[in-house]
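So in my numbering the end of the sequence shown lands on 267, straight run, no missing numbers. Ideal Cβ placement from N, Cα and C applies to all residues, glycine included.
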Amino acid sequence: MDMHSTLSKLKNNEITIEEAEKQLRITNFEILSDIARIDIHRAKRIGIPEAVIADCKTCEEVVSIARVHLKKEGRVIITRVPEEIYNALRSLADELKANIRWSTKGKVAAIGDKTKKTGGIVGVISAGTADIPVAEEAKMIAEEMGCSVTTIYDVGAGGIHRLFPELTKLVEAGVDAVVVAAGREGTLPTIVSGLIDVPVIGVPVSTGYGAGGKGKAALLSMLQSCSVLTVVNIDAGFVAGAFAARIANKNAKNRMEY
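Right, dumping it as structure tokens:
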């Protein structure tokens, strides 16, 4: 149903305001030439903002898409941002007098309005130092969805004694969900999910090499987890951070209601 039909039905009292709002959220997108159909109401519809992935687009395409998001929504998130594109995004932010937030290691940029804090709390853990970039991507996305984030880095299975005192910090922070990024054999998410009572999302990271390298062994290890574990794709920090934030925000809403 297009916007005109929806508004006509609303005018004729054939649907309620709530039903009209729902239909408009489903159908509303912006066409940008022949390169993109921009889902400008995704955050309102599903609670997760649309992100522009930069490393498979030209600089001009990324800036054009970001400009539409900023015009229509007041903010935009861009992931996997090379330096050249980040410099162009900074220029766009300066031109529009918009705030820009940047994760150097996570390669994520966010321009425009910052989401109000929801009360959701997310934990982010990396097994090794090499896994931090993926963990940082998850962290920034969770923050952009209004969550507070507590991080614990370099506590992998090769020295598991490092994990236990740090894990106490997450419990004390009252985290609603935890993201664990691990490469090589990918053991850490399984261990963490067997120690705490909140949802754990495992992210296989492409830091391993040789047989089973590039995240494949880590992915298969997590999928075979004995403890209950949700697993996303290799290097999918955005998905893990968004999923954790979705859980955390729902919990925060329930806490406020009760």
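Taking DSSP's pairing of strands, which residues face residue i in a bridge?
| i | result |
| --- | --- |
| residue 213 | 191 |
| residue 144 | According to DSSP, residue 144 bridges with nothing at all. |
What separation, rounded to the nearest whole angstrom, lies between the Cα atoms of residue i and residue j?
| i | j | result |
| --- | --- | --- |
| residue 17 | residue 189 | 49 Å |
| residue 248 | residue 147 | 7 Å |
| residue 99 | residue 24 | 44 Å |
| residue 9 | residue 54 | Not covered by the structure: residue 9. The range shown for the chain is 10 to 267. |
| residue 201 | residue 162 | 13 Å |
| residue 64 | residue 91 | 7 Å |
| residue 168 | residue 138 | 13 Å |
| residue 120 | residue 101 | 9 Å |
| residue 256 | residue 68 | 34 Å |
| residue 158 | residue 151 | 7 Å |
Looking at residue j and residue i, is the spacing between their C-beta atoms short of 8 Å?
| i | j | result |
| --- | --- | --- |
| residue 56 | residue 261 | no |
| residue 127 | residue 153 | no |
| residue 235 | residue 177 | no |
| residue 246 | residue 144 | yes |
| residue 6 | residue 87 | Here the chain comprises residues numbered 10 to 267, so residue 6 is not present and cannot be evaluated. |
| residue 207 | residue 134 | no |
| residue 94 | residue 77 | no |
| residue 26 | residue 19 | yes |
| residue 308 | residue 209 | No information on residue 308 is available, as it lies outside the stretch 10 to 267 that the chain covers here. |
So residue i packs on residue j, CB below 8 Å; how close in whole Å?
| i | j | result |
| --- | --- | --- |
| residue 79 | residue 107 | 6 Å |
| residue 254 | residue 131 | 6 Å |
| residue 215 | residue 223 | 5 Å |
| residue 263 | residue 155 | Their Cβ separation, rounded to whole angstroms, is 15 Å, which puts residue 263 and residue 155 out of contact at 8 Å. |
| residue 179 | residue 141 | No, residue 179 and residue 141 are not in contact; Cβ-Cβ is about 17 Å, not under 8 Å. |
Just to confirm my understanding: we take residue i, look at its own chain, exclude 5 residues before and 5 after, and list those with CB closer than 6 Å. What are they?
| i | result |
| --- | --- |
| residue 111 | 118 |
| residue 197 | 136, 165, 166, 189, 191 |
| residue 10 | Summary for residue 10: the model assigns pLDDT 48, below 50, so the residue's position carries little reliability, and this model does not support an answer. |
Given residue i, which residues of its chain have a CB within under 8 Å of its CB, disregarding the five upstream and five downstream residues?
| i | result |
| --- | --- |
| residue 226 | 193, 194, 195, 217, 220 |
Might you give, ordered along the chain, the residues of its own chain that have their beta carbon closer than 7 Å to the beta carbon of residue i, omitting 5 neighbours on each side?
| i | result |
| --- | --- |
| residue 237 | 202 |
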